[in-house]
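Residue numbers (the working numbering): 504 to 993.
C-beta atoms are modelled at their ideal positions from N, C-alpha and C, and glycine is treated no differently.
For reference, the structure discussed in these notes is given below.
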Amino acid sequence: MPGSTELGLAEAKRRLLAREISAKELALAHLDAMEQARDLNAFITETPEMALEMAEAADARLAKGEAGLLEGLPIAIKDLFCTEGVPTSAGSHILDGFTPPYESTVTAKLWAAGAVSLGKTNLDEFAMGSSNMTSHHGPVRNPWTRPEDNAALVPGGSSGGSAAAVAARIALAATGTDTGGSIRQPAAFCGITGIKPTYGRCSRFGIVAFASSLDQAGAFGRSVEDTALLLQAMAGYDPKDSTSADLPVPDWAGSLSGKVKGLKIGIPAEYRVEGMPKAIEELWQAGADWLAAEGAELVEINLPHTKYALPTYYIIAPAEASSNLARYDGMRYGLRVEGENLAETYMKTRAEGFGAEVKRRIMIGTYVLSAGYYDAYYLKAQKVRRRIVDDFEAAFQKVDAILTPTAPSAAFRIGEKMDDPVAMYLNDVFTVPSSLAGLPAISVPAGFSAEGLPLGLQVIGKAWDEQTVLDTALALERAAGFEVLPYGLS
Ligand code: GLN
Numbered sequence: 504m505p506g507s508t509e510l511g512l513a514e515a516k517r518r519l520l521a522r523e524i525s526a527k528e529l530a531l532a533h534l535d536a537m538e539q540a541r542d543l544n545a546f547i548t549e550t551p552e553m554a555l556e557m558a559e560a561a562d563a564r565l566a567k568g569e570a571g572l573l574e575g576l577p578i579a580i581k582d583l584f585c586t587e588g589v590p591t592s593a594g595s596h597i598l599d600g601f602t603p604p605y606e607s608t609v610t611a612k613l614w615a616a617g618a619v620s621l622g623k624t625n626l627d628e629f630a631m632g633s634s635n636m637t638s639h640h641g642p643v644r645n646p647w648t649r650p651e652d653n654a655a656l657v658p659g660g661s662s663g664g665s666a667a668a669v670a671a672r673i674a675l676a677a678t679g680t681d682t683g684g685s686i687r688q689p690a691a692f693c694g695i696t697g698i699k700p701t702y703g704r705c706s707r708f709g710i711v712a713f714a715s716s717l718d719q720a721g722a723f724g725r726s727v728e729d730t731a732l733l734l735q736a737m738a739g740y741d742p743k744d745s746t747s748a749d750l751p752v753p754d755w756a757g758s759l760s761g762k763v764k765g766l767k768i769g770i771p772a773e774y775r776v777e778g779m780p781k782a783i784e785e786l787w788q789a790g791a792d793w794l795a796a797e798g799a800e801l802v803e804i805n806l807p808h809t810k811y812a813l814p815t816y817y818i819i820a821p822a823e824a825s826s827n828l829a830r831y832d833g834m835r836y837g838l839r840v841e842g843e844n845l846a847e848t849y850m851k852t853r854a855e856g857f858g859a860e861v862k863r864r865i866m867i868g869t870y871v872l873s874a875g876y877y878d879a880y881y882l883k884a885q886k887v888r889r890r891i892v893d894d895f896e897a898a899f900q901k902v903d904a905i906l907t908p909t910a911p912s913a914a915f916r917i918g919e920k921m922d923d924p925v926a927m928y929l930n931d932v933f934t935v936p937s938s939l940a941g942l943p944a945i946s947v948p949a950g951f952s953a954e955g956l957p958l959g960l961q962v963i964g965k966a967w968d969e970q971t972v973l974d975t976a977l978a979l980e981r982a983a984g985f986e987v988l989p990y991g992l993s
């Protein structure tokens, strides 16, 4: 059915409820788009049969007037969420052949809401990366290219497959996970919207763990409304995750107003980093002006420990990862490379199963947790993390939300920065602080770089105040009038 992949999630929902289209037509159109766009490498596992079965069941429920929140809407799932009976790889060789015998809470909620599964999307190995280059299943291509040279660009990472699939109109929306920016940065690179809610909003049960005190599931969509709708279906208390918050899930999508009149919006001086492209600085100013024009009050604020956020993150996240990834030993699931004895089997399995970036993080993490260095690195990082949280708490005494750029650059070429991990880590400079503080944050596409690539603005909110984040983002979306269509797609 031509045209139906153009609809947003919320618009497709309205048409399904009005019985103007069927879930089956919608699924077929998206499966067709998926086939046409295989060169993007956005999916690791496609689930077309499941999609059709789920769509037919959705049509039956729609006919009976029993529609769930996402009834009949085709979406994609980052391949970090365990899906019962459907292979789950975390982008790693070490999980080869792993088919989970259980379902993650987030995906269980989505299927219970009637969503239709298109498949599992590509990602950086164990969600470690900012470019999707570290996936065992190969890089993902950003559907956007620079108008002048058509070179293949990264979609950002680690949820690059999900972001590319949504931008390329293969999926109406998609799940992601964000540990230090993995939803917001790819959303910015692919010209779509991505939200990471407050830590504890979405259950981590059944999500392959990277850094448990930071990992949080979230949503991608082509509009703020779509993103709010998907997140609403994903969120909620889960006794199976001890860090899940026992709070009701608000009707974020239904309450969206885009009103910012009277809100105080903080502009943090410390986010003016050296060497930031002029287009990003100008867009940040434009964003502030748009909000002011809608009646918000802009307030200069300080987040003095911002410069320590990246080093702190790159101690805490690898420390937790080194512990979480100890479970991959070739014994219970995934790859096993036999050795002469048990120890050798462990070593060979891990040596072959993990890629270079994952090994780097396991080594850094093991080092900062080792007896002689624990106090100097890990404990110190924990103390600095507290300061970063305090900075935000102080700022939120004065403001309702904070406006920053999402990333310090637009999408770069596939392969770029791979020889320089620190340059790669710098991508996270604006997203990591709010992750360390567990705060909700969104990226909205708002303008273009000098080379004509999408740029995002980030709105960070108070804990549990996703509504203000979403409303501020909607005000930016309306003012920016960003055309969310990659060049060449029609
Ligand atoms: N790019 C960051 C990292 O490599 C963040 C990843 C993420 O949020 N999962 O750790």
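Which residue's Cα is closest to the Cα of residue i: the options?
i, options, result
"residue 641", "792, 544 and 874", "544"
"residue 624", "803, 673 and 900", "673"
"residue 861", "522, 714, 893 and 842", "714"
"residue 751", "546, 743, 738 and 845", "738"
"residue 798", "809, 774 and 766", "766"
"residue 857", "870, 736, 838 and 873", "838"
"residue 558", "668, 964, 616 and 683", "616"
"residue 651", "954, 987 and 509", "954"
"residue 892", "705, 966, 845 and 678", "966"
"residue 658", "778, 984 and 919", "919"
"residue 902", "975, 813 and 863", "975"
"residue 666", "525, 595 and 948", "948"
"residue 664", "686, 648 and 649", "686"
"residue 724", "707, 691 and 754", "691"
"residue 754", "732, 761 and 906", "732"
"residue 859", "591, 921, 973 and 783", "921"
Measure the alpha-carbon distance for residue i versus residue j and round it to whole angstroms.
i, j, result
"residue 757", "residue 688", "26 angstroms"
"residue 571", "residue 979", "29 angstroms"
"residue 968", "residue 943", "7 angstroms"
"residue 835", "residue 631", "23 angstroms"
"residue 589", "residue 745", "26 angstroms"
"residue 822", "residue 867", "7 angstroms"
"residue 644", "residue 548", "16 angstroms"
"residue 560", "residue 530", "12 angstroms"
"residue 781", "residue 600", "47 angstroms"
"residue 520", "residue 507", "15 angstroms"
"residue 833", "residue 764", "56 angstroms"
"residue 522", "residue 512", "15 angstroms"
"residue 712", "residue 888", "20 angstroms"
"residue 578", "residue 618", "7 angstroms"
"residue 958", "residue 875", "43 angstroms"
"residue 515", "residue 575", "9 angstroms"
"residue 504", "residue 539", "Low per-residue confidence applies at residue 504: pLDDT is 43, beneath 50, and the placement is therefore not dependable, though the value from the model is reported in the following sentence. Each residue's alpha carbon lies about 14 angstroms from the other."
"residue 946", "residue 610", "23 angstroms"
"residue 587", "residue 604", "5 angstroms"
Is it true that the CB of residue j sits closer than 9 angstroms to the CB of residue i?
i, j, result
"residue 881", "residue 818", "yes"
"residue 584", "residue 709", "yes"
"residue 768", "residue 728", "no"
"residue 791", "residue 804", "no"
"residue 938", "residue 581", "no"
"residue 796", "residue 573", "no"
"residue 865", "residue 824", "yes"
"residue 677", "residue 646", "no"
"residue 987", "residue 813", "no"
"residue 595", "residue 628", "yes"
"residue 985", "residue 694", "yes"
"residue 684", "residue 722", "no"
"residue 717", "residue 964", "no"
State the start and end residues of the unbroken beta strand (DSSP E) segment that holds residue i.
i, result
"residue 681", "676-681"
"residue 698", "696-699"
"residue 538", "Not the beta strand (DSSP E): residue 538 falls in the alpha helix (DSSP H), residues 526-539."
What are the boundary residues of the alpha helix (DSSP H) that includes residue i?
i, result
"residue 895", "883-901"
"residue 546", "No alpha helix (DSSP H) holds residue 546; the beta strand (DSSP E) holding it covers 546-549."
"residue 794", "781-796"
"residue 623", "Where residue 623 is concerned, there is no enclosing alpha helix (DSSP H), although the beta strand (DSSP E) it sits in stretches over 619-624."
"residue 871", "859-872"
"residue 946", "Here residue 946 belongs to no alpha helix (DSSP H); instead the beta strand (DSSP E) covers 944-951."
"residue 601", "From DSSP, residue 601 is part of no alpha helix (DSSP H); its letter is neither H nor E."
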